Amino acid sequence: MIADRITEKLNILADAAKYDVSCASSGSKRKNENKGLGNASNGICHSYTEDGRCVSLLKILLTNHCIFDCAYCVSRKNNDIKRAAFTVQEVVDLTINFYRRNYIEGLFLSSGIFKDADYTMERLVRIAKKLRTEHNFNGYIHLKSIPGASDELMREAGMYADRLSVNLEMPTEAGLKLLAPDKNRQDMIDPMNFLKNEIILRTEEKKLFKKAPLFAPAGQSTQVIIGATPESDQQVLQSANYFYKNFNLKRVYYSGYVPVLADKRLPALNTTVPMVRENRLYQADWLMRFYGFNVNEIVNNEQPLLDLDIDPKLSWAIRNMQAFPIDINKADIQLILRVPGIGMLSAQKIVSARKFAKLSLDQLKKIGVAINRARYFIVCKSNEFERRDLTGQNIKQFILAESQSKYIRNTQSQLSLF
Numbered sequence: 001m002i003a004d005r006i007t008e009k010l011n012i013l014a015d016a017a018k019y020d021v022s023c024a025s026s027g028s029k030r031k032n033e034n035k036g037l038g039n040a041s042n043g044i045c046h047s048y049t050e051d052g053r054c055v056s057l058l059k060i061l062l063t064n065h066c067i068f069d070c071a072y073c074v075s076r077k078n079n080d081i082k083r084a085a086f087t088v089q090e091v092v093d094l095t096i097n098f099y100r101r102n103y104i105e106g107l108f109l110s111s112g113i114f115k116d117a118d119y120t121m122e123r124l125v126r127i128a129k130k131l132r133t134e135h136n137f138n139g140y141i142h143l144k145s146i147p148g149a150s151d152e153l154m155r156e157a158g159m160y161a162d163r164l165s166v167n168l169e170m171p172t173e174a175g176l177k178l179l180a181p182d183k184n185r186q187d188m189i190d191p192m193n194f195l196k197n198e199i200i201l202r203t204e205e206k207k208l209f210k211k212a213p214l215f216a217p218a219g220q221s222t223q224v225i226i227g228a229t230p231e232s233d234q235q236v237l238q239s240a241n242y243f244y245k246n247f248n249l250k251r252v253y254y255s256g257y258v259p260v261l262a263d264k265r266l267p268a269l270n271t272t273v274p275m276v277r278e279n280r281l282y283q284a285d286w287l288m289r290f291y292g293f294n295v296n297e298i299v300n301n302e303q304p305l306l307d308l309d310i311d312p313k314l315s316w317a318i319r320n321m322q323a324f325p326i327d328i329n330k331a332d333i334q335l336i337l338r339v340p341g342i343g344m345l346s347a348q349k350i351v352s353a354r355k356f357a358k359l360s361l362d363q364l365k366k367i368g369v370a371i372n373r374a375r376y377f378i379v380c381k382s383n384e385f386e387r388r389d390l391t392g393q394n395i396k397q398f399i400l401a402e403s404q405s406k407y408i409r410n411t412q413s414q415l416s417l418f
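The sequence shown stops at residue 418 when you use UniProt numbering, and every number in between is there.
Below is the structure:
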C-alpha cells in the first residue's frame, strides 16, 4: 500500500517536473517487470558532465502544491490537478534505491512553493544534506533555489549541491508582472547575486586552503520561458547576456512555452512555440559564450528576431559579406570562428595544421569543416573561390537547397498571437 502511494506520487511529481528544461533532459524507458520502485519510465532524465559524459538523473518535484497562481504554470494554485508531496525521507530513499539499481547517477530536485520560500527551501536542503552526510552519496545533485529564500539556506544548499539554479521564468520584468503579478523579480535576483559572491569567495578560499569545502562546484544556472509573452529574441538574448556578465552563470536554458492552460493573457491552447526557435536561441547563446559574438551582432533593432531558416552564424555572415572571404591559412582564430560551418574544435585544428602546410578544401573537410557552408566565405589552397559574385541571398538559397533542418517542420509564427 505504501509502495503504491509512493509510485503514485512519483508519477505525479515526475510528470510535473518535465516542464523544467534546465538539466537538458531526455526520457528513459527502462521498466521493472515486478512492479517494484525501480520503474525508470518516470522521472529519469539525462544530463552531461563537463567532460562530455552522459549521466542519468532522478528528476522530480518535492511537491506540486504552490501558493502562487502563475498563468503559465501547470502547478498554479487555481489549476484543478491532482496534488502530491514527498516527505524528505521519501525523496532520500527513492534516490538511494534508484542509485543502487544503477538507474541514476544523481538527483535534479525542484518544487512548488508551499507555505513560504524558506519553508520549502529548508526541505530541499535537508534532502541534499541527508544524502551527503547520512548516506555518503557522492552523485550529482542539482537543487532549484526558491526565490526569496534566506542567505543562510542558500549558503547551506551550496555546501551540499553541485549546482544551484534560480528560474527567472520570464525574460523581462514586464512579462513576469503580466503573468505572475504576485512574484517579485528582485526575489529571484537576490539569491543569484548571493550565489555569485559566495562562489567567488569559496573559489578564492580553495586556492589558499586545499581542504576548503566545495561550494556549488558546477556553478549556477537559470531558465526563461519563451513564447508565453511577446518578447523578441533580441530582448531574450539581451536579458541572457546581462545575467551571464553580472552573475557568472554557467548556462541560461530556454524553454518554449507549452500551452496547457486557458488564459486570456496566454497564447491559445492549440499553439506552441516552434522548436526551431528554441534551437536558434541556443545557437545564438553559444555564439555569445564561446565564439566572441556580441548580442547586437546577432540581433538588433532592425532585425529583432532570429532567422528560423538558417542558424545565427550564417545569418550574421550573410548580412556582413564585406568581412569575407577569410584566408583560412592566414587569418586569426577569432576570424576563423566566425565562418559558418567551422566550429571551435575545427578552428583549433586548422590553426595547428596550417603550421606544416597550406590547407585545401579536401583537407578542411577531413578536419571536420562543413564545406557546404564554409566554401562561400573562405579562400584556401584551392583555385576555386566558391563565393564568386554571389550575394548573401544567393548563398542562403544555395545552402537551404542542400540541407533541411529537422526543426523546420514546426515554424509557424507563434509571436503573431500577441
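Don't be surprised by glycine CBs; every beta carbon is placed ideally from N, CA and C. A quick note: this is a predicted structure, and the numbers were derived from the prediction, not measured.
Judged by pairs of C-beta atoms under 8 Å, the stretch 148–158 does not touch the stretch 221–230, as fewer than three such pairs exist.
The distance from the Cβ of V236 to that of L281 is about 6 Å, consistent with a contact at the 8 Å cut-off. Looking at the DSSP output, K211 shares a beta bridge with no other residue. Here the stretch 53–70 lies against the stretch 168–186, with 3 or more beta-carbon pairs under 8 Å apart. The stretch 306–318 makes contact with the stretch 334–347; the number of CB pairs closer than 8 Å reaches 3 or more. I225 is bridged by DSSP to S255. Listed as beta-bridge partners of K59 by DSSP are F108. Around the beta carbon of Y119, fewer than 16 other beta carbons lie within 10 angstroms, which makes this residue exposed. Cβ-Cβ distances below 7 Å link A117 to I146, P147, G148, A149 in the same chain, with the five nearest sequence neighbours on each side left out; the list follows chain order. Around the Cβ of M192, a 10 Å sphere holds 16 or more other Cβ atoms; the residue is buried. Per DSSP, the beta-bridge partners of D327 are V379. In this structure, the beta-carbon distance from H65 to R76 does not fall below 8 Å. A direct Cα-Cα distance of roughly 55 Å separates K206 from L390. Pairing Y19 with S56 gives a Cβ-Cβ distance that is not under 8 Å. Residue range 275–290 is occupied by the alpha helix (DSSP H) that includes Y282. For I141, the enclosing beta strand (DSSP E) begins and ends at 140–144.
D311 sits buried, since 16 or more C-beta atoms from the chains shown fall within 10 Å of its C-beta.
Here T133 is exposed. Its C-beta has fewer than 16 other C-beta atoms within 10 Å. Nearest to K144 by C-alpha distance, out of M159, L164, L305, F324, is L164. Secondary structure at Q303: coil, using DSSP grouped into helix, strand and coil.
Counting only runs that start and end inside the UniProt domain "Radical SAM core" (61–196), the beta strand (DSSP E) elements of at least 3 residues fall at 106–110, 140–144, 163–165.
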